[in-house]
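Just so we're aligned, residue 896 is where the sequence shown starts under our numbering, counting upward by one. Idealized CB from N, CA, C, for every residue including glycine. Remember, predicted model here, so these are calculated numbers, not experimental data. Structure first, then comments.
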Amino acid sequence: MKIKKTILFLFSLLLCLSSCKDETKQEHKDSNQSHQVELPKQTANNQKKETLTKEQAGNFFPKQIGDYKLINIEDNLLKTNGIAFGMYIKGNDYDHSLTYTLEDGNRKGSAILKNFEDAYKTTAKGPEGTEIFRKERNGYKTIAFLQHNINRYSISFIYNQRFRLSLDGVEKPDVLWTYFKKEDLQKLNTY
């Protein structure tokens, strides 16, 4: 029951983060211009691309991650919010689960790139019982959330200046990071 509440909380948190809109005031535009230069700009070619389809998202998720097997793909939020989840379990033990989240930033109103970049640059601390670590791994900026009291950890990063990928589970962030495989990520290169 505790793990279900935790997973529900994390899904809610991810949904809230992904649904944030970039509603910057005019007065902030000038101060953010240098920040916008640092962020990758959408090219005309990128803007013509469509958000991932259910089939494309389904093909992305690996059938197995380490000892964890894929049991479900939740793609109901893909069309509206650009989010799909892959649920994995270790053996038949639901207390040892992973959630692989794929967020497509190529949709109108999406602010996942900006929100991630802002979260990476901030020095804000997480809620009580949560540690946040920002670290560059293999050339990618990553953000890791550690919740030791409930034994849940997550790590996320931006891939191809379009997709935010996250893994959430009972493994520590350094172990979770090893589950992101180059061959899986390359599936997103054609979109």
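By DSSP's assignment, N967 forms a beta bridge with M982. For the set F956, I978 and D1069, the Cα lying nearest the Cα of F1028 is the one of D1069.
Within 10 angstroms of the beta-carbon of A979 lie 16 or more other beta-carbons, which makes it buried. Closest by C-alpha distance to F1011, out of D990, K949, K964 and L1060, is L1060.
Taking the Cα positions, D962 is about 26 Å away from T1025. Contact check between the stretch 1052-1066 and the stretch 994-1004: three or more CB pairs, one atom from each, fall below 8 Å, which counts as touching. Here the alpha carbons of E945 and F1040 stand approximately 31 Å from one another.
Shortest Cα-Cα distance from E1066 to any of L947, T994 and G953 involves T994. Sorting Y1015, R1057 and Q959 by C-alpha distance to the C-alpha of G986 places Q959 at the top. Within the model, the alpha-carbon separation for S1005 versus T1017 is close to 20 Å. Using a 10 angstroms sphere on the CB of I966, the tally of other CB atoms stays under 16, which defines it as exposed.
The secondary-structure analysis by DSSP pairs A1039 across a beta bridge with F1028 and I1050. Going by DSSP, Y1015 is part of no beta strand (DSSP E) but of the alpha helix (DSSP H) stretching over I1007 to K1016. Burial is judged here by how many other beta carbons sit within 10 angstroms of a residue's own beta carbon; T996 has at least 16 and is buried.
A buried status is given to Y1048, since no fewer than 16 other beta-carbon atoms sit within 10 Å of its beta-carbon.
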